[in-house]
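Asks: One structure, pasted below without further comment.
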Amino acid sequence: MVSAAIGPLVLFATQFFMYLALSLTLNLEFGITGIPNFGKVLFVAAGGMLGASATYRLALFAFNLRSNDIFESSPLFVASKINPGLANNPFLAAELFVFAVVFGALVAGALGYLSSYPAIRLREDYLGMLLLGAGELFAVLTAFYPPIVGGPENLTSPDLLTGFGNNESLAMMVILGVFALGVFLYAQRVAKSPLGRTLRAVRENEVASEALGKDNINIRRKMLVISSALAGAIGALWTIYWAQIGGLIGGDVGSTFPRLFFTFYPFVIVILGGAANNYGVLVGSFLLTGLQTITTESLPALVTNVKIPGFGVNLLDDVLNSTQYIIVGLLLLVVVLWRPEGLLREKPSYAIPKSKLKAMASKILGDSDSKKKSPGSG
Amino acid sequence: MIDPLLTASIEYGGLLSIMCLGLTVTYQTTKVPNFAFSDFAVIGMNASYFSFAIFRLGNTYLSIPFGFVAGGVFSVAMYVVVMRPLIRRNSSIVVLMIATLAVDIVFTGVAQDIVYVGGSIFYKQFVHVGLPTLVDAPPLPDFRLFGESGLLLMSPLLLVITTLSMYLLLTKSRFGIAMRASIENPNLAKTVGINVERVYLVSWFVAGALAGVAGSLYTIWDGMSLGIQSVLILDIFAGSVLGGLSSIYGAVLGGLVVAFAENALLGWLSLNVNTGFSLLEVGGASMIMLIITLLVAPRGIVGVNWKRFDWRKR
Chain G
-13 MVSAAIGPLV
-3 LFATQFFMYL
7 ALSLTLNLEF
17 GITGIPNFGK
27 VLFVAAGGML
37 GASATYRLAL
47 FAFNLRSNDI
57 FESSPLFVAS
67 KINPGLANNP
77 FLAAELFVFA
87 VVFGALVAGA
97 LGYLSSYPAI
107 RLREDYLGML
117 LLGAGELFAV
127 LTAFYPPIVG
137 GPENLTSPDL
147 LTGFGNNESL
157 AMMVILGVFA
167 LGVFLYAQRV
177 AKSPLGRTLR
187 AVRENEVASE
197 ALGKDNINIR
207 RKMLVISSAL
217 AGAIGALWTI
227 YWAQIGGLIG
237 GDVGSTFPRL
247 FFTFYPFVIV
257 ILGGAANNYG
267 VLVGSFLLTG
277 LQTITTESLP
287 ALVTNVKIPG
297 FGVNLLDDVL
307 NSTQYIIVGL
317 LLLVVVLWRP
327 EGLLREKPSY
337 AIPKSKLKAM
347 ASKILGDSDS
357 KKKSPGSG
Chain D
352 MIDPLLTASI
362 EYGGLLSIMC
372 LGLTVTYQTT
382 KVPNFAFSDF
392 AVIGMNASYF
402 SFAIFRLGNT
412 YLSIPFGFVA
422 GGVFSVAMYV
432 VVMRPLIRRN
442 SSIVVLMIAT
452 LAVDIVFTGV
462 AQDIVYVGGS
472 IFYKQFVHVG
482 LPTLVDAPPL
492 PDFRLFGESG
502 LLLMSPLLLV
512 ITTLSMYLLL
522 TKSRFGIAMR
532 ASIENPNLAK
542 TVGINVERVY
552 LVSWFVAGAL
562 AGVAGSLYTI
572 WDGMSLGIQS
582 VLILDIFAGS
592 VLGGLSSIYG
602 AVLGGLVVAF
612 AENALLGWLS
622 LNVNTGFSLL
632 EVGGASMIML
642 IITLLVAPRG
652 IVGVNWKRFD
662 WRKR
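Chain order of the listed sequences is G and D. Quick note on the numbering used here: the first sequence kicks off at -13 and runs consecutively. Quick note on the numbering used here: the second sequence kicks off at 352 and runs consecutively.
See the structure below:
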């Protein structure tokens, strides 16, 4: 069992890593390539929900349960049949864990490929509305069409980290941290590579990049597929994690993966920290997670016993919760209005490393200087 | 007695079309899909509830002016504080969209705080009119007319009044001509001496005020619940895109189509084919229509050349 002292810290770190990884994928497509993906939640939810439900079916199959048990009885009841079996067989659980993440990534990547069709053709504002609509449609369909994940209340995941015993939340933090680190290294590598410069060229000037022989459509499609697949893997990880700490998720349309937290907040993070700057995304994720933790965890815990005479019971609690939105929104507005480039500016990526650049420049300039001088002296 | 599916479609269609009309006006002027638009409707709903309780109006329709003013004021505030500086700076569409997103997040919190704090401050007044809590507020009272709800008359009536006055404003008044000129070509309009920014300001006020009125009507239709704006915006977008985002008449038509599809069509399908269809009512049907419209006919139903499909001429 994680001790009470570091419990909140683990919670904070887990959330931070999730936001970091998710915002980095958004940065890849929005910051660097210039695709405003207002339907980010679609890929996270698709990876999470379909990854979780596919894992569930596999687990049912492994324990010889009927596959429609998931829909006929409460998932917690089914989990009570699966989880003890998994506890005896942690390797099977680990395999299922890997399967859930990979399957989530594949499903989300396929959806990314599908959504690249309109993403290439429509103008930004229409694309924004379309992706937003697609995300909402997915939320409605999964919530109301039971054969997908069993309806709104039934999304859960078997206990896949059972091998870690009482340290599951700690293990999940480490796994998400490693995943976020991997995404960060990948995003850094993309940003500094020739591919990154091509992506920026596509973002800045389509015509020019096409004139230079770049296949704009293919480049955009690839980035959309890659970042969607990563988002799907994050969704699967988040579902497994959330199922452990919260039991059931959902209960209402879009409450499993709310648009606000999985589309809008990553945008806030990317804009706040600085678009197309991975370190900026790091800072932004830290600030936003901190803000969220303070307004929803720390301050309500402080004021939980404060009652104002004549007012409702949980007035301060509720007000603090909605104040979170006001602060986040104002922060985004302030950045957009007064510092559009974000806290950390986008750094140019050099084709030749800076260290070598100086030596080369002095060599070339030195040569040209001597050439210039030679006619004068001669 | 009229079929309840039909009455629901008409009641909701009227108020949804008013909102689609408003969104189209803002899209026309500033060329940005306003994610925060449904928040003006929520502000109108709040204005309705508070004026109803505080001034003991008795008749809910008397609260519509409050919704009109509140929605308009918030809309103008958003335009002056956020949109105008960004437009002056020639910001890209994506930046403008993100700004409206930010305003949406702020208004979500503001509306919730109004409900929590205001509901607590005016607790006695709300209890007096039978509304102990505003968190999931029940619909406000409506009058009856020949055994039908008053909204069945008032919602389409207000839609007709709105559309007519928009038509008169745009075609018969000097201001309307200035407005159309600034929509068509802002730079040319500036050179002939039209104050384009003032035109935009007034358009935003009108749009927000219309959303406020629709919000007031919505309190009679379905009450008010926290977070209703995130569902409403889907229907508004669907209706406006279906109408092509280019003409106010298209917006009215689009709003009506969405409302009828959600209420009458899905209601009929769930009664006669499969009960599962009723579950698409919350956002599902409108999103399907939005996606299909954007993929097949991005200019909306008004932009399609229908004569092409006329088989009689051949």
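For glycine and all other residues, C-beta sits at the position ideal for the given N, C-alpha and C. As the structure is a prediction and not an experimental result, all values here were calculated from the model.
(1) Please list the partners that residue 115 of chain G has in chain D, where partner means a Cβ-to-Cβ separation under 8 Å.
(2) Would you give the residue range spanned by the alpha helix (DSSP H) that residue 319 of chain G belongs to?
(3) Pick from D/599, D/653, D/604: whose alpha carbon is nearest that of residue 377 of chain D?
(4) Here's the rule: buried if 16 or more other CB atoms are within 10 angstroms of the residue's CB, otherwise exposed. What is residue 168 of chain G?
(5) Hey, would you say residue 480 of chain D sits closer than 9 Å to residue 390 of chain D, going by beta carbons?
(6) Give the straight-line distance between the Cα atoms of residue 238 of chain G and residue 526 of chain D, rounded to the nearest whole angstrom.
(7) Using C-beta distances below 6 Å, list every residue in its chain close to residue 466 of chain D, excluding the 5 sequence neighbours before and after it, in chain order.
(8) Check each residue of the segment 427 to 459 of chain D: if its Cβ is closer than 9 Å to any Cβ of chain G, include it; give the result in chain order.
(9) For residue 287 of chain G, name the three-state secondary structure that DSSP assigns.
(10) Using a Cβ cut-off of 9 Å, pull out every chain D residue sitting near residue 266 of chain G, in sequence order please.
(11) Where residue 444 of chain D and residue 42 of chain G are concerned, what is the direct C-alpha to C-alpha distance, given to the nearest angstrom?
(12) How many angstroms separate the CA atom of residue 583 of chain D from the CA atom of residue 172 of chain G?
(13) Tell me which residue opens and which closes the alpha helix (DSSP H) that residue 434 of chain D is part of.
(14) What does a CB cutoff of less than 6 Å around residue 89 of chain G pick up in its chain, not counting 5 residues either side in sequence?
(15) Taking only beta-carbon atoms, is residue 634 of chain D less than 9 Å away from chain G?
(16) State the CB to CB distance for the pair residue 94 of chain G and residue 16 of chain G, rounded to an integer number of angstroms; the pair is presumed to be in contact (CB under 8 Å).
(17) Tell me, please, whether the CB atom of residue 220 of chain G is closer than 9 Å to any CB atom in chain D?
(18) Rounded C-beta distance between residue 266 of chain G and residue 34 of chain G? I'm assuming under 8 Å.
(19) If I'm right that residue 419 of chain D touches residue 563 of chain D with Cβ under 8 Å, what's the distance once you round it to whole angstroms?
(20) Quick one: what's got a C-beta closer than 7 Å to residue 85 of chain G's C-beta in the same chain, skipping five residues either side?
(21) Cβ atoms of residue 246 of chain G and residue 468 of chain D: under 9 Å apart, would you say?
(22) For residue 364 of chain D, I'd like the list of residues in its chain whose CB is within less than 7 Å of its CB, leaving aside the five on either flank, ordered along the chain.
(23) Can you tell me whether DSSP reads residue 277 of chain G as helix, strand or coil?
(24) I'd like the span of the alpha helix (DSSP H) that includes residue 610 of chain D, first residue to last.
(25) Find out if the Cβ-Cβ distance for the pair residue 617 of chain D, residue 636 of chain D is shorter than 9 Å.
(26) Of all the CB atoms in chain D, is at least one closer than 9 Å to the CB of residue 255 of chain G?
(27) Cβ of residue 125 of chain G less than 9 Å from any chain D Cβ?
(28) Residues of chain D with CB under 7 Å from residue 15 of chain G, in chain order?
(29) Start and end of the alpha helix (DSSP H) containing residue 657 of chain D?
(30) If I follow the unbroken alpha helix (DSSP H) through residue 475 of chain D, where does it start and stop?
(31) What is the DSSP secondary structure of residue 207 of chain G, counted as helix, strand or coil?
(32) Do residue 367 of chain D and residue 560 of chain D count as a contact pair if the criterion is CB distance below 9 Å?
(33) Would you call the segment 534 to 552 of chain D and the segment 371 to 385 of chain D touching, i.e. three or more CB-CB distances under 8 Å?
(34) Within the 9 Å Cβ cut-off, does residue 654 of chain D reach chain G?
(35) From residue 458 of chain D to residue 122 of chain G, what does the alpha carbon distance come to, in whole angstroms?
(36) Classify residue 304 of chain G: buried if its beta carbon has 16 or more other beta carbons within 10 angstroms, exposed otherwise.
Replies: Taking the geometry as given:
(1) Residues of chain D passing the Cβ test: 384, 588, 592, 641, 645.
(2) It spans 301 to 324 - the alpha helix (DSSP H) in which residue 319 of chain G sits, taken as one unbroken run.
(3) For the residues D/599, D/653, D/604, the minimum Cα distance to residue 377 of chain D belongs to D/599.
(4) It is exposed - the Cβ of residue 168 of chain G has fewer than 16 other Cβ atoms within 10 Å.
(5) In this structure, residue 390 of chain D does not lie closer than 9 Å to residue 480 of chain D by Cβ.
(6) Because the pLDDT at residue 238 of chain G is just 49, under 50, the model does not fix this residue reliably, and the value given afterwards should be weighed accordingly. Residue 526 of chain D has its alpha-carbon roughly 46 Å from the corresponding atom of residue 238 of chain G.
(7) Answer for residue 466 of chain D: 485, listed in chain order.
(8) For the segment 427 to 459 of chain D, which is checked against every Cβ of chain G, the residues closer than 9 Å are 432, 433, 436, 437, 440, 442, 443, 444, 445, 446, 447, 448, 449, 450, 452, 453, 454, 455, 456, 457, 458, 459.
(9) Residue 287 of chain G: helix per DSSP, three-state reduction.
(10) Residues of chain D passing the Cβ test: none, with the nearest at roughly 15 Å.
(11) Going from the Cα of residue 444 of chain D to the Cα of residue 42 of chain G covers about 43 Å.
(12) Each residue's alpha carbon lies about 39 Å from the other.
(13) Per DSSP, residue 434 of chain D belongs to no alpha helix (DSSP H) and is neither H nor E.
(14) These residues qualify, in order along the chain: 37, 40.
(15) At least one chain G Cβ lies under 9 Å of residue 634 of chain D.
(16) No, residue 94 of chain G and residue 16 of chain G are not in contact; Cβ-Cβ is about 16 Å, not under 8 Å.
(17) No, residue 220 of chain G lies away from the interface with chain D (no Cβ there is under 9 Å from its Cβ).
(18) Actually they are not in contact, since the Cβ atoms of residue 266 of chain G and residue 34 of chain G sit about 26 Å apart, beyond 8 Å.
(19) With a Cβ gap of about 5 Å, residue 419 of chain D and residue 563 of chain D count as contacting.
(20) Excluding residues within five positions, the ones whose Cβ falls inside 7 Å are 41, 44.
(21) Note that the C-beta distance between residue 468 of chain D and residue 246 of chain G is not below 9 Å.
(22) Same-chain partners within the cutoff: 606, 607, 610, 611.
(23) Residue state for residue 277 of chain G is assigned as helix, using DSSP reduced to three classes.
(24) The continuous alpha helix (DSSP H) containing residue 610 of chain D extends over residues 599 to 611.
(25) Yes, the Cβ-Cβ distance between residue 617 of chain D and residue 636 of chain D is below 9 Å.
(26) Judged by the 9 Å Cβ criterion, residue 255 of chain G is not in contact with chain D.
(27) It does; some Cβ of chain D falls within 9 Å.
(28) Going along chain D, no residue has its Cβ under 7 Å from residue 15 of chain G, so there is no contact; the nearest lies around 12 Å.
(29) Neither: residue 657 of chain D is in no alpha helix (DSSP H) and is coded neither H nor E.
(30) Residue 475 of chain D -> alpha helix (DSSP H) spans 474 to 479.
(31) In this structure, residue 207 of chain G counts as helix in the three-state DSSP scheme.
(32) No.
(33) Cβ pair count under 8 Å is three or more, so yes.
(34) For residue 654 of chain D, the answer is no, since every Cβ of chain G falls outside 9 Å of its Cβ.
(35) Computed Cα separation, rounded: 20 Å.
(36) That one is buried.
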